[in-house]
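Q:
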Amino acid sequence: MTLLPRTGPRIGIYGGTFDPVHMGHLHAAEVFLRTCSLDRLYILPTGITPHKQVRADDDPRDRLHMLEIAFSHPDYADPRIVVSDYEQKQTGKSYTILTLEHFREESGNLFLLCGTDMFLTLPKWYRGDEILQSTSIVCLERTDDPEQHTTILAAAKQYREEYGTEVFLPPFSPIEISSTEIRRRIQANESTEGLLLPAVRAYIDDKNLYR
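Numbering-wise (the working numbering), the sequence shown opens with residue 1 and increments by one.
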């Protein structure tokens, strides 16, 4: 097993569909940036994802614009945060290892943010062994379930021993928000107060999204 040297600026990678970007996403980005002392954090909305089905009427540009609106808000704007359309500009599926290879040209010191489900299935991902061997993995647990926490600790131990992975499990109090529920509320013309930034909701209403 050959481990790539992890040198250079500390670069965070936070990908997802962000459909739409909500307060839970913003909170996770803030925790990621702070606890890992990142020099730069790339927020990457997916183009064609290999793991999720997107809406038939999905326009990736809308998801990108909503992220730009969210991270320009005074409470969440940070010069270290960059909303990137890199994955959306690629043809074919957005495989994580290909994104990591692209940003490794900027730095060999990459940190990949994972939710619980993603963290536990990483070895099964496309070229998952290479992801684990070349990238620091940061897992933000979605719940305080003790049994799930035990499973995550066991996976972290396996990754460290089998792949030499640097694993971070920072303290995290998740904001439990369902994107599906948000889209349902928008479709029903209900309030999304506390779930979405008002400017993001205004964009959604102006574009008549999720109707």
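Cβ atoms here follow ideal geometry from the backbone N, Cα and C, with glycine treated the same way.
Quick check: what's the CA-CA separation for Thr2 versus Met23?
A: Within the sequence shown, residue 2 is the residue found at index 2, counting from 1. Within the sequence shown, residue 23 is the residue found at index 23, counting from 1. Note that Thr2 scores a pLDDT of 47, beneath 50, so its modelled location is shaky; the value from the coordinates is reported in the next line. Thr2 and Met23: Cα-Cα distance of roughly 39 Å.
Q: Kindly identify the DSSP beta-bridge partner or partners of Cys36.
A: Within the sequence shown, numbered from 1, the residue matching residue 36 stands at position 36. Cys36 pairs with nothing; no bridge assigned.
Q: When burial is assigned at 16 or more other CB atoms within 10 Å of the CB, is Arg184 buried or exposed?
A: One-based indexing of the sequence shown puts residue 184 at position 184. So Arg184 counts as exposed.
Q: Quick check: Phe119 and Ile11, are their CB atoms within less than 7 Å of each other?
A: Taking the sequence shown and counting its residues from 1, the one referred to as residue 119 is at position 119. Taking the sequence shown and counting its residues from 1, the one referred to as residue 11 is at position 11. Taking the C-beta atoms as reference points, Ile11 is found no nearer than 7 Å to Phe119.
Q: Suppose the cutoff is 7 Å on Cβ atoms and the five residues either side in sequence are ignored; what does the same chain contact list for Cys36 look like?
A: Working through the sequence shown from its first residue, we reach residue 36 at position 36. Arg10, Gly12, Phe111, Val138, Phe168.
Q: Tell me the DSSP secondary structure of Tyr203 in three-state form.
A: In the sequence shown, counting from the first residue as 1, residue 203 sits at position 203. Residue state, collapsed to three classes: helix.
Q: Would you list the residues sitting across from Pro45 in a DSSP beta bridge?
A: As a first step, residue 45 is located in the sequence shown; it is residue number 45 there, counting from the start. Pro45 pairs with Gly16.
Q: Have a look at Pro198 and Asn189 and give me their C-alpha separation to the nearest angstrom.
A: Working through the sequence shown from its first residue, we reach residue 198 at position 198. Working through the sequence shown from its first residue, we reach residue 189 at position 189. The straight-line gap from Cα to Cα measures roughly 14 Å.
Q: If you run the structure through DSSP and keep just helix, strand and coil, what is Ile182?
A: As a position in the sequence shown, residue 182 is number 182, starting the count at 1. The three-state reading of DSSP puts Ile182 in helix, counting H, G and I together.
Q: What residues in its chain sit with their C-beta under 8 Å from that of Ile152, if we drop five residues either side in the sequence?
A: Counting from one through the sequence shown, the residue named residue 152 turns up at place 152. Closer than 8 Å at Cβ, skipping near neighbours: Thr116, Phe119, Leu120, Cys139, Glu141, Leu169.
Q: At the level of alpha carbons, what is the spacing between Leu33 and Leu196?
A: Locating residue 33 in the sequence shown gives position 33, counting from the first residue. Locating residue 196 in the sequence shown gives position 196, counting from the first residue. For the pair Leu33 and Leu196, the Cα-to-Cα distance works out to about 20 Å.
Q: Helix, strand or coil for Ile177 per DSSP?
A: The residue you call residue 177 lines up with position 177 of the sequence shown. Looking at Ile177 - three-state DSSP - the assignment turns out to be coil, as it is neither helix nor strand.
Q: Near Glu130, what residues of its chain come up, given a Cβ to Cβ distance below 6 Å and the 5 sequence neighbours on each side ignored?
A: The residue you call residue 130 lines up with position 130 of the sequence shown. Result list for Glu130: Ile97, in chain order.
Q: If you draw a straight line from the C-alpha of Ser134 to the C-alpha of Gly164, how long is it?
A: As a working note, residue 134 is residue 134 in the sequence shown. As a working note, residue 164 is residue 164 in the sequence shown. Rounded to whole angstroms, Ser134 to Gly164 spans 9 Å at the Cα level.
Q: Which whole-angstrom value is the C-beta distance of Pro45 and Leu64, which I expect to be below 8 Å?
A: Working through the sequence shown from its first residue, we reach residue 45 at position 45. Working through the sequence shown from its first residue, we reach residue 64 at position 64. Yes, Pro45 and Leu64 are in contact; Cβ-Cβ is about 5 Å, under 8 Å.
Q: Which residues in the same chain as Ala28 place their Cβ atom closer than 6 Å to its Cβ, once the five residues preceding and following it in sequence are excluded?
A: The sequence position of residue 28 within the sequence shown is 28, counting from 1. Leu140.
Q: Quick check on Ser136: does DSSP put it in helix, strand or coil?
A: One-based indexing of the sequence shown puts residue 136 at position 136. DSSP places Ser136 in strand when its eight states are reduced to three.
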